[in-house]
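In what follows, a single structure is set out as C-alpha cells and then discussed.
Numbering (my numbering), first residue to last: 3 to 305.
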C-alpha cells in the first residue's frame, strides 16, 4: 500500500486538475462592479460628484475569463463626456464598443445603472492641510517629545468648487504603531475622497519619540494680564521655578523665556488673601508638574 501511495496521490492530483479545467471551461454568470473613468473633459470642467464612480455588470463567460478578470488591476469602464452626453445623457450599452476589453471577453447581460445623466461643474483648485490619523503606543518610560511632523503639511486638491469647499483637511489612513522608543519616520497614504484629485497621495510622518524625564526650570518671569496703568503691582517673588515633564532632549533645550507664568489682575483683586496662583503656559508636548512657589504675594501701589 505504501509503495502505491505516490501513484495514488499523483492520480488524485491529475483527476482534480482535470475536474477544475473542465469546470472552469464551462460558462458562468457573475455580478461584477467596475470603476468608471470619465474622459474627454475640458481642463476647466469635472463631472458632478453625484455621478456614480462605479457601475454594476451582469456578465456571462467562462470561468477562466472570470479568474483573469479578478486578477487584473486595469478594469476600468471608460465613459467619454461630450456636449451631447451632457445635454441628453448616455446609454452605457452604447459604450461597449469603446470598452472592448470587456465586451470581447464576456456577454453583457445587464448594466446598472444603464443610463447616466452627465452633469459637470467648474474645476476648483484649493490647498488643504494634512491631518495624521495615528494611534501611538510607547514603550514604558518613552513618549512623544514634539508635535508630529508631516511632509508636506499642505496639499493642492482639484475638484468641483462645491466639493473642495466642503473639505477642511485631508486625513491619512489610520495607522497604529506600537512599542515606540526612538524617533520613527514612516510613509502613510492619504484617504481617497470621491470626486477629488490630489498629488502626492502619500506623506512622510516624523514621530519624535524620546525618553521621558522631569526638569526644574528656574528664572521664569511673571507676567500680569490686564493690569491697570495707574497702579504699580509688586510681585514677591517676580520669578518662579517650573517643573516640567517631556522628552529628555526637548526639555533639556527649553529656555525660561519659552515658558509663560501668568497672573490675571481681575482674579487677583477678587482674592482677599493677597496672593495669587500663577497660570503656567508651556510649549507643545511639555507637561506641567509643579510651580515653585505655588502662590505669589503681591502689593498694589497707586502711581
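We put the beta carbon where it would ideally sit given N, CA and C, even for glycine.
Query	Result
Where residue 188 falls: helix, strand or coil (DSSP)	strand
Limits of the unbroken alpha helix (DSSP H) element including residue 251	250-255
Cross-strand partners of residue 223 (DSSP beta bridge)	241
Residue burial classification, residue 297 (beta-carbon count within 10 angstroms, cutoff 16)	exposed
Sequence-distant residues of the same chain with beta carbon closer than 7 Å to residue 38, five excluded per side	54, 55, 56, 57, 79 and 81
Residue 210 (DSSP reduced to helix, strand or coil)	coil
Residue 202 to residue 157 span [Cα, whole Å]	8 Å
Alpha helix (DSSP H) segment containing residue 164, residue limits	163-168
Any alpha helix (DSSP H) of 4 or more consecutive residues that is wholly inside the stretch 93-145	102-105
Burial state of residue 95, where buried means 16 or more other Cβ atoms lie within 10 Å	exposed
Distance, residue 262 Cα to residue 295 Cα	15 Å
Burial state of residue 286 (16 or more Cβ within 10 Å)	exposed
Of the residues 226, 185, 205 and 193, the one placed nearest residue 212, counting alpha carbons only	185
One or two residues paired with residue 58 in a DSSP bridge	35 and 114
Beta bridge counterpart(s) of residue 267 as assigned by DSSP	Paired residues: none, contrary to the question.
Own chain partners of residue 288 with C-beta closer than 6 Å, once the 5 adjacent residues on each side are dropped	246 and 248
Cβ pair residue 33, residue 60 closer than 8 Å	yes
Candidates 181, 83 and 135: closest to residue 189 by CA position	135
Burial state of residue 45 (16 or more Cβ within 10 Å)	exposed
Euclidean distance between Cα positions of residue 43 and residue 85	10 Å
DSSP beta-bridge partners of residue 205	190
Bridge partners - residue 272, DSSP secondary structure assignment	Residue 272 is not bridged to any residue.
Residue range of the beta strand (DSSP E) that includes residue 177	177-182
Outcome for residue 255 when other beta-carbon atoms lying within 10 angstroms are tallied against a minimum of 16	exposed
Residues near residue 129 by beta carbon distance below 8 Å, same chain, minus five either side	156, 157, 158 and 159
For residue 82, three-class secondary structure by DSSP	strand
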